[in-house]
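Number 299 in UniProt numbering belongs to position 299 of the sequence shown; there are no gaps in the numbering.
Yeah, the Cβ is synthetic: ideal placement off N, Cα and C, and Gly gets one too.
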Amino acid sequence: MTRFRKTSPFQTYTRDYIHFVTILVFLVSFNAQTVSAQGAGGYVYKQFQNPVRDRLIHGLFSSNFTWGVATSAYQIEGAWNEDQRGETIWDTFSHEPGRIVDNANGDIACNSYHKIDEDVALLKELQVKHYRFSIAWSRILPDGTLNKINQAGIVYYRRLINALVEAEIEPVVTLFHWDLPQALQDIGGWSNEILTVYFKNYAELCFLEYGDWVKRWITFNEPSIFAKAGHEHGVHAPGLKHQGTTVYRVAHTIIKAHAKVWHTYDNKYRASQKGQVGITLVSSWAQPSTKWQVDIMAAERYLQFEFGWFAHPLMVNGDYPSVMKTQILEKSIGQGLSSSRLPSFTEEEKVLLRGTVDFLGVNYYTTKLISAWRSDAWPPGYEEDQDLKAWHDESWPKSGASWQKCVPWGFRLLLNWVKHEYGNPPIYVTETGVAEKLNDQDEPKLKDVWRVQYFVSHINELLKAYKLDGVNVQGFSAWTLMDNFEWQDGYSTRFGLYHVDFKSPARTRTAKSSAKKYNEIVTGNGFPVPVSKLRYIPQFKPDMAFGAAPRAPMVPVFHDNDEGIQPEFR
Ligand code: BGC
């Protein structure tokens with residue numbers, strides 16, 4: 001006879017309770033896992049749901065905040081074959097017909113090699129505290145190595161630095177802004193690990209020659225763009241299209257080269273020269289297109305692939321973000337490869353990499369909407385490795401470049417993400433600016449109200465990041481001092497505060513309205529007047545659709561001028 005045990009009410013209660021607790025524990029731990037997979041991106045996304053963020057605020061930056069403008073050697077110097085300067089990959093690339101709009105090149109550019117005094121006069125007019133420029137490696141080491149030191153090149157930068165110091169403008173030097181000596185590309189470029197040694201030698205020469213005056217060194221400018229545009233998409237020098245492979249190898253060498261230079265400075269020069277060594281990274285802000293976990297996680301993946309790619313090894317643990325490692329390994333195995341296309345660091349290398357950023361340079365230009373998306377493209381490249389889609393909301397204000405829509409609030413969110421992801425490091429915004437389409441034949445648009453709006457709204461978001469969110473931001477550089485060679489767009493796209501007349505041999509520089517506005521912001525150290533008196537009051541457009549997000553973040557639109565409410569001049 002089967003005896004049925006009767007369950008007492010107490011036992012039933014206990015069993016249900018245990019079930020309930022088990023399910024609860026499962027849910028909490030599942031949620032914790034997804035919340036941590038959402039990372040800093042998910043946190044920042046959720047924290048900034050409130051559209052109040054789009055109002056302008058007034059207030060000042062700290063008294064030691066440093067204001068400046070930025071340029072880069074190949075984009076402004078010209079004199080490509082003068083005084084024994086060695087050729088660079090950008091000379092080679094731009095001299096190949098069909099690479100650059102109108103087959104333009106940087107042979108003369110703004111002719112800054114011959115215009116130190118004129119350029120410094122513009123900086124004085126702007127009343128900036130620093131000038132961020134880059135040294136052309138091949139101007140001082142024509143073949144990239146110590147085989148030959150070119151005195152003419154050494155003297156040129158010494159003259160520039162002296163002129164700046166005399167004008168009480170701090171020189172901030174980028175060592176590599178994409179113009180690799182061609183001789184080093186000929187031995188494989190950044191895919192070749194020997195470049196860590198050559199880059200260290202070049203950097204050390206700069207420390208020896210200029211370190212008494214230069215106290216802020218930036219090793220690399222936007223290595224992610226250099227690696228992708230030059231080695232994956234082939235639209236920048238050296239023009240390679242190696243899907244999903246070279247891009248990671250190039251970055252790998254660059255990361256090691258950065259750390260080598262930092263240690264060299266730390267061991268041999270820091271004590272006497274008392275400067276700092278940082279790196280400039282860039283990312284669009286990645287805004288999840290919906291509130292779904294998968295999209296929030298995809299947006300975090302985007303940030304890790306773009307920014308964490310370099311910042312994680314150098315600032316966190318000496319290694320790539322784990323999401324990059326798992327994604328690329330999975331895709332590589334799926335391709336039938338025996339190991340990941342993403343190279344790995346040895347344990348000794350990891351120790352050398354981490355903690356090698358004294359300050360972080362951050363560049364920001366735009367924001368993207370992100371959704372999770374399984375890519376089946378073959379073979380997988382850098383984009384496919386991420387399993388996501390990235391696009392612009394069509395309603396966001398356009399600029400003169402198809403890749404840039406103007407999204408000021410994304411700037412604040414990116415800065416907050418950096419703060420949370422990397423423990424609030426000292427940040428210098430080393431670039432932001434807005435593109436405008438202009439050809440040589442066109443009349444210069446000196447009343448660039450859209451650029452005035454761009455800088456007012458973006459610097460105001462920076463102020464919020466500093467004052468309201470506690471982001472440790474210590475300086476800002478506008479991109480860029482003057483119109484210059486805009487890479488594959490040649491001179492058809494302009495970012496300058498000063499217009500440059502490329503038709504005239506004098507390369508005459510003329511201030512645009514944005515130069516005057518920037519000077520006002522610089523001398524006011526921010527926005528000293530109360531909000532009601534600010535000239536550009538943003539209005540919310542309540543009908544602004546924003547992906548599938550239920551709460552629509554707004555885009556500020558400036559109403560008290562009748563020109564260019566939204567800059568659209570492509
Ligand atoms: C680069 C600059 C460039 C600017 C506008 C940045 O990515 O550092 O050299 O001119 O963007 O495209």
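DSSP-derived helix/strand/coil call for residue i
i           : result
residue 96  : coil
residue 374 : coil
residue 347 : helix
residue 480 : coil
residue 32  : Bear in mind that the predicted position of residue 32 carries a pLDDT of just 48, short of 50, making it too unreliable to give a figure here.
residue 131 : strand
residue 511 : strand
residue 391 : strand
residue 548 : Legend: pLDDT at residue 548 = 25, less than 50; position of this residue unreliable, value from coordinates given subsequently. Reduced to three states, the DSSP call for residue 548 is strand.
residue 485 : coil
residue 527 : strand
residue 253 : helix
residue 42  : helix
residue 146 : coil
residue 302 : helix
residue 427 : strand
N-terminal and C-terminal residue of the alpha helix (DSSP H) that residue i is part of
i           : result
residue 176 : Note, residue 176: premise wrong, no alpha helix (DSSP H); beta strand (DSSP E) at 170 to 176.
residue 207 : 195 to 210
residue 126 : 116 to 126
residue 420 : 408 to 422
residue 138 : 137 to 140
residue 49  : Looking at the DSSP string, residue 49 is not in any alpha helix (DSSP H), and its letter there is neither H nor E.
residue 74  : 73 to 76
Run of the beta strand (DSSP E) containing residue i, from where it starts to where it stops
i           : result
residue 165 : Where residue 165 is concerned, there is no enclosing beta strand (DSSP E), although the alpha helix (DSSP H) it sits in stretches over 151 to 166.
residue 221 : 216 to 221
residue 64  : Residue 64 -> no beta strand (DSSP E), and no H or E assigned at all.
residue 458 : Residue 458 -> not in any beta strand (DSSP E); alpha helix (DSSP H) instead, spanning 449 to 467.
residue 286 : 285 to 288
Per-residue burial, residue i [other beta carbons within 10 Å of its own, 16 or more giving buried]
i           : result
residue 451 : buried
residue 135 : buried
residue 410 : buried
residue 298 : buried
residue 159 : exposed
residue 335 : exposed
residue 191 : buried
residue 26  : The predicted position of residue 26 is uncertain, since its pLDDT is 48 and thus under 50; no value can be drawn from it.
residue 431 : buried
residue 459 : buried
residue 132 : buried
residue 97  : exposed
residue 217 : buried
residue 514 : buried
residue 326 : exposed
residue 394 : exposed
residue 391 : exposed
Residue i versus residue j - alpha carbon distance
i           : j           : result
residue 179 : residue 306 : 21 Å
residue 523 : residue 66  : 11 Å
residue 572 : residue 495 : The first residue shown for the chain is 1 and the last is 570, placing residue 572 beyond what the model contains.
residue 585 : residue 378 : The first residue shown for the chain is 1 and the last is 570, placing residue 585 beyond what the model contains.
residue 138 : residue 250 : 19 Å
residue 528 : residue 454 : 18 Å
residue 437 : residue 338 : 47 Å
residue 228 : residue 283 : 13 Å
residue 196 : residue 205 : 14 Å
residue 317 : residue 428 : 22 Å
residue 342 : residue 125 : 47 Å
residue 157 : residue 130 : 15 Å
residue 488 : residue 530 : 42 Å
residue 402 : residue 415 : 23 Å
residue 145 : residue 115 : 27 Å
residue 113 : residue 210 : 18 Å
residue 462 : residue 165 : 28 Å
residue 207 : residue 149 : 14 Å
residue 313 : residue 122 : 38 Å
residue 246 : residue 518 : 40 Å
Can we say the segment 359 to 371 touches the segment 326 to 334, given the rule of at least three CB pairs closer than 8 Å? no
Meets three-Cβ-pair contact criterion under 8 Å: the segment 69 to 80 and the segment 37 to 47: no
Given 8 Å, three or more beta-carbon pairs between the segment 254 to 265 and the segment 346 to 360: Judged by Cβ distances under 8 Å, the segment 254 to 265 makes contact with the segment 346 to 360, as three or more pairs qualify.
For the 8 Å Cβ check, are there 3 or more pairs between the segment 292 to 305 and the segment 434 to 450? no
How do the segment 499 to 513 and the segment 83 to 100 stand: do at least 3 beta-carbon pairs fall below 8 Å, yes or no? no
Would you check if the segment 398 to 410 and the segment 342 to 350 touch, i.e. whether three or more CB-CB distances between them fall below 8 Å? no
Answer yes if the segment 80 to 87 comes into contact with the segment 146 to 166, meaning at least three C-beta pairs across the two stretches below 8 Å, and no otherwise. yes
contact_flag[the segment 168 to 186, the segment 215 to 231] where n(CB pairs < 8 Å) is 3 or more: yes
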